[in-house]
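Per this note's numbering, the very first residue in the sequence shown carries number 1; after that it's consecutive. A virtual CB, placed ideally from N, CA and C, is assigned to each residue, including glycine.
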Amino acid sequence: MRFQDIPGLNKTKKTLSLAVQNQHIAHAQLFVGPSGGAQLAMAHAFVTYLFCKNRTETDSCGVCPSCQKLQRGVHPDLVYVFPTVITKKIKDAESDAFLPDWRKFIQESYFRTLPEWLGYMGAEGNRQGNIPVEETRKLIQKISLKPFEAPFKVVMLWNPETLNAAAGNALLKTLEEPPSSTLFILVCAEPDKLLTTILSRTQRVSVGAVEVEDLADYLVQKADIDAEKAHQIAVNCEGNISEALEKSNSDNLSTTTWFAEWMRAIYARNLTKLVQLADQFDGLAKENQKGILSYSLHIFRQCLYQISDASNLIKSLEKEKAFVDNFSKTLSTDKIAAMTEKISEVHYHLERNARAKMVHLDLSLHLLRVFHTKNS
């Protein structure tokens, strides 16, 4: 992974590359970004740049032995630590036991979430991954040896939020007195779940959400989809690149068209059509169902901006902006509040396996009542 492989975030890339060039590298860094965002990719690109033998001012070369080893996840001076669980195949719940699967996992994509990793490793039931205290204690042995090839030995902890109190305290002791040639890189999405003492001993690197335009361009190139669908997905996913890639690769019907048809049926009080749409909704994949609800919330937000004289906040293509302009004329802030509250409630129930047809039809009837209520 190189900086050029990550969409947007040019300011963060420049900051990291300058830190390497000026040799101002903190021994413990915390890469923070949204769930499914670019923080893991950025951390890897940073290490690749740091280890590269022929780096330029802006990026690693990608062809030297060091870059090639990092690309395959086999560099001897990069130690991975990540959440694990006991599975049918592997009873030793430590990172080293899952390294072959981990390497395949990140080579497929560096934009990842913990649920994806748990599914990939074969976690069963409601088991939650965690980093056990034994693993953090063994880090002392792993970092006691000098680097083999690189200027540093790097320990990369992915999702350190899963450290329990004992594991967090064990890590803290290592962070307080690390070997001079060791770097710690913690990659997380929820820093508030970390011990405050760990936060105070790390330099924070904010890897924000990728801008909509940059993410849309990336999806067009990576997933080979048209610009309109790419923009729609980029807006809906709000920085979750993992989710955006998944949606780009699904054969989903046009959410914009589906939503417009749904709202027209509500406007016309067409109950027969609403029943048909509920049947269609029931036949969609769960992620596509949730995608329609998320898109609905997005459109209502745009309408709220429109009627609040904040149209400069609207992030939509021209075709969608025209729909928002017309649709918002039929709404009020009270109606939008009532509708979005119900949509969020249905989203909650869908995630808990409620029958999609029933909750969608109930949602449609609720929106119909709200929509046709006279403004006070």
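Close-in-space but distant-in-sequence residues of the same chain around residue i (CB under 6 Å, 5 per side omitted)
i, result
"L277", "W262"
"L50", "V20"
"L253", "Interpretation of L253 is limited by its pLDDT of 47, a score under 50 that renders its predicted location unreliable; no figure is taken from the coordinates."
"Q39", "F31, G33, V187 and V207"
"K273", "A265"
"H75", "K69"
"K374", "none"
Residue j beta carbon less than 8 Å from that of residue i
i, j, result
"V47", "V154", "yes"
"K247", "I233", "yes"
"L361", "K290", "no"
"G73", "R103", "yes"
"I292", "T255", "yes"
"G37", "I185", "no"
"D101", "Y80", "no"
"P147", "D77", "yes"
"I25", "L183", "yes"
"T12", "M42", "yes"
"T202", "L172", "no"
"A167", "V212", "no"
"E381", "E135", "Any answer about residue 381 is impossible in this case: the structure gives the chain only from 1 up to 376."
"K222", "L245", "yes"
Rounded Cβ spacing between residue i and residue j (contact assumed at less than 8 Å)
i, j, result
"I307", "T333", "7 Å"
"A28", "L175", "5 Å"
"W158", "F82", "4 Å"
"I131", "P160", "7 Å"
"V210", "G239", "6 Å"
"L297", "T340", "6 Å"
"I343", "L363", "7 Å"
"E149", "S66", "7 Å"
Beta-carbon contacts of residue i that lie in its chain and below 8 Å, excluding the five residues immediately before and after
i, result
"H372", "R269"
"D96", "none"
"F281", "Q289, I292, A356, K357 and H360"
"T87", "M121, G122, A123 and E124"
"K193", "E161"
"D325", "Q306"
N- and C-terminal bounds of the alpha helix (DSSP H) containing residue i
i, result
"C237", "A227 to C237"
"A422", "For residue 422 there is no data in the structure shown, the boundaries of the chain being 1 and 376."
"A19", "N10 to Q21"
"M339", "T333 to E351"
"K273", "L271 to G283"
"V47", "Q39 to F51"
"V81", "Counting along the chain, V81 falls outside any alpha helix (DSSP H), though it belongs to the beta strand (DSSP E) covering L78 to V81."
"Q71", "P65 to R72"
"M1", "Looking at the DSSP string, M1 is not in any alpha helix (DSSP H), and its letter there is neither H nor E."
"E108", "L99 to E108"
"I131", "Premise fails: I131 is in no alpha helix (DSSP H) and is neither H nor E."
"I266", "T255 to Y267"
"P115", "L114 to M121"
"T174", "A165 to E176"
"S308", "First-last for S308: undefined, no H or E at that position."
"T197", "T196 to S200"
"E243", "I241 to S248"
Extent of the continuous beta strand (DSSP E) to which residue i belongs
i, result
"K222", "Looking at the DSSP string, K222 is not in any beta strand (DSSP E); the run it does join, the alpha helix (DSSP H), is V212 to A223."
"T182", "T182 to C188"
"S206", "Q203 to S206"
"F31", "A28 to V32"
"V390", "Any property of residue 390 remains undetermined from this structure, which presents the chain solely from 1 to 376."
Same chain, Cβ closer than 7 Å to residue i, five either side skipped, listed in chain order
i, result
"C64", "C52, K53 and N54"
"A338", "V370"
"R137", "A170"
"I225", "L219 and S248"
"T162", "P83, G129, N130 and I131"
"Y295", "N236, T255 and F259"
"E116", "S242"
"L304", "T333 and I336"
"R204", "L30 and V32"
"D251", "Residue placement at D251 is flagged as unreliable, the pLDDT there being 49, under the threshold of 50; the coordinate-derived value follows with that caveat. Result list for D251: empty, nothing under 7 Å."
"L368", "I266 and R269"
"S60", "R2, T48, Y49, C52 and C67"
"Q4", "D59"
"K89", "G122"
"L114", "P83, G129 and N159"
heavy atom of the ligand GDP below 7 Å from residue i C-beta
i, result
"D224", "Ligands in the displayed structure: none, and consequently the ligand GDP is not present."
Any chain B beta carbon closer than 8 Å to residue i
i, result
"R204", "Considering every chain present, this structure includes no chain B. It has just one protein chain."
Next on the checklist: Can you confirm whether the stretch 24 to 34 touches the stretch 98 to 111 when touching is taken to mean that 3 or more C-beta pairs between the two stretches lie within less than 8 Å?
Outcome noted: no
Checklist entry - Is the stretch 216 to 235 in contact with the stretch 181 to 192, if contact means three or more CB pairs nearer than 8 Å? => result no
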